Amino acid sequence: MSDQPYEPITPPLLELLSASPLFGRLDRSALAEIADHLDEVSLAAGDVLFRQGDAGDSLYIVDRGLLEVRVAEPGGNFIVLDRLDAGAAVGEMALLTGQPRTADVVAVVDSRLVRLSKSGYENLAERHPAIASGFALAITPRIQRLKLAAILRRLFGQIDPVTLHGIQEKIAWRRLADGETLMRQGEVGMSMFVVVNGRLQVIVEGDDVTPERVVGEVGAGETVGEYALLTDDVRSATVVASRDTDVVEITRPIFESLAADYPHAMTEIAGIIVARQIRSIRTAVDERLGALTIAVFPAGPAGAPLMEFSQRLREKLSEYGPAALFTSEHFDAEYGKTGAAQTEPDDVLSLILNGWLQEQEQRYLYILFVADVEWTNWTRRCLAQSDRIILVGTAGADPTPGMLEHYCNPRTRKELVLMHGDDVAEPTGTLAWLAERDVWAHHHVRWGDDAHWQRLVRRLTGQAIGAAFSGGAARGLAHIGVIRALTEANQPVDYIGGSSMGAFIGGGWAAGLTPRTGMELAARMANPQYLLDRTLPFTSVMASEKITAAIREVMGDRQIEDLWRPFFCVSTNLSIAEPVVHDRGPLWRAVRASIALPGVFTPILNERNEVLVDGGVMNNFPVDILASRGEFGLIIGCNVSPRREEPSPYELGESLSGWRVLRNRINPFATRLHVPSLPSIMLRTVEVNSLYHRKEAERLADILIEPDTRGYNFLDFAAYRALEQLGYEAGRAALAAWTAKTA
Numbered sequence: 162m163s164d165q166p167y168e169p170i171t172p173p174l175l176e177l178l179s180a181s182p183l184f185g186r187l188d189r190s191a192l193a194e195i196a197d198h199l200d201e202v203s204l205a206a207g208d209v210l211f212r213q214g215d216a217g218d219s220l221y222i223v224d225r226g227l228l229e230v231r232v233a234e235p236g237g238n239f240i241v242l243d244r245l246d247a248g249a250a251v252g253e254m255a256l257l258t259g260q261p262r263t264a265d266v267v268a269v270v271d272s273r274l275v276r277l278s279k280s281g282y283e284n285l286a287e288r289h290p291a292i293a294s295g296f297a298l299a300i301t302p303r304i305q306r307l308k309l310a311a312i313l314r315r316l317f318g319q320i321d322p323v324t325l326h327g328i329q330e331k332i333a334w335r336r337l338a339d340g341e342t343l344m345r346q347g348e349v350g351m352s353m354f355v356v357v358n359g360r361l362q363v364i365v366e367g368d369d370v371t372p373e374r375v376v377g378e379v380g381a382g383e384t385v386g387e388y389a390l391l392t393d394d395v396r397s398a399t400v401v402a403s404r405d406t407d408v409v410e411i412t413r414p415i416f417e418s419l420a421a422d423y424p425h426a427m428t429e430i431a432g433i434i435v436a437r438q439i440r441s442i443r444t445a446v447d448e449r450l451g452a453l454t455i456a457v458f459p460a461g462p463a464g465a466p467l468m469e470f471s472q473r474l475r476e477k478l479s480e481y482g483p484a485a486l487f488t489s490e491h492f493d494a495e496y497g498k499t500g501a502a503q504t505e506p507d508d509v510l511s512l513i514l515n516g517w518l519q520e521q522e523q524r525y526l527y528i529l530f531v532a533d534v535e536w537t538n539w540t541r542r543c544l545a546q547s548d549r550i551i552l553v554g555t556a557g558a559d560p561t562p563g564m565l566e567h568y569c570n571p572r573t574r575k576e577l578v579l580m581h582g583d584d585v586a587e588p589t590g591t592l593a594w595l596a597e598r599d600v601w602a603h604h605h606v607r608w609g610d611d612a613h614w615q616r617l618v619r620r621l622t623g624q625a626i627g628a629a630f631s632g633g634a635a636r637g638l639a640h641i642g643v644i645r646a647l648t649e650a651n652q653p654v655d656y657i658g659g660s661s662m663g664a665f666i667g668g669g670w671a672a673g674l675t676p677r678t679g680m681e682l683a684a685r686m687a688n689p690q691y692l693l694d695r696t697l698p699f700t701s702v703m704a705s706e707k708i709t710a711a712i713r714e715v716m717g718d719r720q721i722e723d724l725w726r727p728f729f730c731v732s733t734n735l736s737i738a739e740p741v742v743h744d745r746g747p748l749w750r751a752v753r754a755s756i757a758l759p760g761v762f763t764p765i766l767n768e769r770n771e772v773l774v775d776g777g778v779m780n781n782f783p784v785d786i787l788a789s790r791g792e793f794g795l796i797i798g799c800n801v802s803p804r805r806e807e808p809s810p811y812e813l814g815e816s817l818s819g820w821r822v823l824r825n826r827i828n829p830f831a832t833r834l835h836v837p838s839l840p841s842i843m844l845r846t847v848e849v850n851s852l853y854h855r856k857e858a859e860r861l862a863d864i865l866i867e868p869d870t871r872g873y874n875f876l877d878f879a880a881y882r883a884l885e886q887l888g889y890e891a892g893r894a895a896l897a898a899w900t901a902k903t904a
């Protein structure tokens, strides 16, 4: 290959430039100035103009001859992406991006070209903006073809360049802004779409009974809408862009023609449909498409130190897989072009930048985009490229939403992180932050507490560890032993849920209860006078002042949303026959509602004057609720309700007089009647609910801990030491079995 100053050749140089789609819109004076910056390049047949990975420093226009654009495949073969004859341009993206070459270009026959260097182009563009704008306008179709070619070849197999050009001439490109709708459920499907850059959400719309739900994602290289196209059915879901997305539309006539000529396409598309269906029923984090991309934004007018937060978060994310962090400055440095981060959204370079970012998603498992402190093109790009948003605020600061928060797409999943000083014992005031924002989850993190950072990262990456505790009255004291086993094994738990007695122990653990202080509490509960205050059984057997005082003693005045670890508990709304999940408000009141066994303890009224009773009435073992409240890598369930009760020598007929039982109890000479008490019947009734739903718990819980509490009745609080030991031994055994299974 020879490279020398240009000397006039045939056709004349100005005619060559004016015939080029890149420069044809310019007047002759501009063309003449471009000509002064050109060099001649001669290639013999078989010569390589440049190779994939070479520095992108020049544009070439073919004067005569024929070149092929090739991409190497594993195994040594190559795919011909394009053929270039007289007048065609190659390498033009280098003038805009400076990125390495993405393919080999080889002369098929002896060829002659002219070369415009990147420095020469930039010099011209600076003096003549019309050259830059005209070039950008002309280059757009070329960029689009290159982005789409590889995707179409995967779908339809090896397509010759002529056919590929013909397809691309017939299809329409469409840019979807973050949150824009591509298609709606119920519409007639007359075309399918191919995602070139970005990501889409597939949403099944709700009705008066069923809420709207996201059932899948569609990423770069995948198709959407093909099912309705294949079946002549209406669209089965609504599809919305979850970030800025470029798609191309393939109409029915084009699809039918391609399917006939390239039957491989039907197999590929069928595979896409099946894969998407599988993803829609799985929740594991490794089923997501590409990297997890997160935009880091300030929360509140003051925000928090975003760089310090983001750098620490990237370090922790790196323990789970390759992680990258991009500020506008970092982006420019990595991309290799100053000012690229602030490119206007409608600039032709944006398509290239989006494609480059998509490539980073194949290199990294996690990508953090750190917003500027004001609304800029980079800040907008952070939102447009991210699957979720982290709003970072300083606890104790003004919770009013900051200016940048108003730009966030309501559909994008947002999580609030409140940063605390190392001297903060417990968070306060979280409700003021949550009241102003619609967030999917919130997190409390001490700057210097590594355990807090680890918990944050597990929750963000879908590796959270949850624990659910069942009801069971006195048998629930076995949960304290399970907590001791977890603590000794250094097993972290990031999310806690419970029902009835499980809410009491679980809520206490979330509030700081330890195995030692738990046993101190159990010792107090062993005294019947501590919990039980019998009264005239009009509404309940117990007046419930003592149980309320005991709960308040443990929970204090804490609010659920202020706990370091998230917690929920379950009660039952008798007024409307629905379960209630408590995850905000006074912790003691939520636990008191969850433990209000009907007939034993008085109910709690909510703000609408509806009656709340024990959560066990509808869900005594809320593993399913826990699983629905996050993305978990491990779920631990502890159920203290035995599958079968030991038979008791009860003496019951078809009827029983309470007066007879009372006379029997007060007569010191009478043989004692063996009959079940009202509280024990009510408690076992609640336990049956958890046993009925046990299969669901077995399916959802990775570690299922079931202490054998047979032989201990529901009010046997005096047996707290034995029950705690049962829980401890069952917990140790289950953890050991899990460790052996996963080793």
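Here my numbering is used: the first residue of the sequence shown is 162, the next is one more, and so on. Cβ coordinates follow ideal geometry from the N, Cα and C atoms, glycine included. What you are looking at is a predicted structure, and each value in this text was computed from that prediction instead of being measured.
- When rounded, the separation of the alpha-carbon atoms in V357 and A268 is 29 Å.
- Cβ atoms of R335 and V241 stay farther apart than 8 Å, at about 28 Å.
- Straight-line spacing of the CA atoms in E681 and E885 works out to 12 Å.
- In the three-state reduction of the DSSP assignment, R374 falls in the strand class.
- Comparing alpha-carbon positions, the option among D610, I721, A646 lying closest to G668 turns out to be I721.
- Excluding sequence positions up to five before and after D694, its CB lies within less than 6 Å of the CB of M703, A704, E706, K707, all in the same chain and listed in chain order.
- CA-CA distance, L467 to L486, rounds to 12 Å.
- Taken atom to atom, the span from the alpha-carbon of E566 to that of A532 is near 11 Å.
- The beta-carbon separation of H603 and T591, rounded to 7 Å, stays under the 8 Å limit for a contact.
- DSSP places K331 within a helical segment (H, G or I) once states are collapsed to three.
- DSSP places C543 in the helix class (H, G or I) of the three-state scheme.
- Note that the C-beta distance between M686 and I756 is not below 8 Å.
- Residue ranges of uninterrupted beta strand (DSSP E) with 3 or more members, entirely inside the segment 601 to 652 and ordered along the chain, are 602 to 607, 625 to 630.
- Fewer than three Cβ pairs drawn from the segment 493 to 509 and the segment 475 to 482 lie within less than 8 Å of each other, which leaves the two stretches out of contact.
- In this model, R620 and L183 are separated by some 50 Å (Cα to Cα).
- The C-beta separation of A338 from D405 comes to about 6 Å, placing the pair in contact by the 8 Å criterion.
- DSSP places L256 in the helix class (H, G or I) of the three-state scheme.
- Beyond the five residues adjoining it in sequence on each side, V209 comes within less than 6 Å, by CB distance, of V267 in the same chain, given in chain order.
- Taking the CA atoms as reference points, T561 sits about 13 Å from L577.
- Boundaries of the alpha helix (DSSP H) harbouring Y881: 881 to 903, taken from the DSSP string.
- A straight-line Cα-Cα distance of about 14 Å links A250 and L174.
- As DSSP reads the structure, M353 sits in a beta bridge with I411.
- F470 is positioned such that its CB atom lies closer than 8 Å to that of V553.
- Counting along the chain, D785 sits inside the alpha helix (DSSP H) bounded by residues 784 to 789.
- Pairwise C-beta distances place the segment 885 to 903 in contact with the segment 644 to 654, as three or more of them are shorter than 8 Å.
- Burial check for D507: the Cβ neighbour count within 10 Å stays below 16, so the residue is exposed.
- Shown here, I551 sits in a strand according to DSSP, grouped into three states.
- Counting along the chain, V223 sits inside the beta strand (DSSP E) bounded by residues 219 to 225.
- A buried status is given to E253, since no fewer than 16 other beta-carbon atoms sit within 10 Å of its beta-carbon.
- With respect to the 8 Å criterion, G461 and A596 are not classified as neighbours on the basis of their beta carbons.
- With a beta-carbon spacing of about 7 Å, L453 and L526 fall inside the 8 Å limit used to define contacts.
- Closest in alpha carbon position to P261, among P290, Q213, V534, D246, is Q213.
- If you check the CB distance, M344 and G380 do not come in under 8 Å.
- Contact holds between the segment 722 to 735 and the segment 769 to 782, because three or more Cβ pairs, one in each stretch, are under 8 Å apart.
- Taking the C-beta atoms as reference points, G888 is found nearer than 8 Å to G642.
- In this structure, the straight-line span from the alpha carbon of A625 to that of L277 is close to 54 Å.
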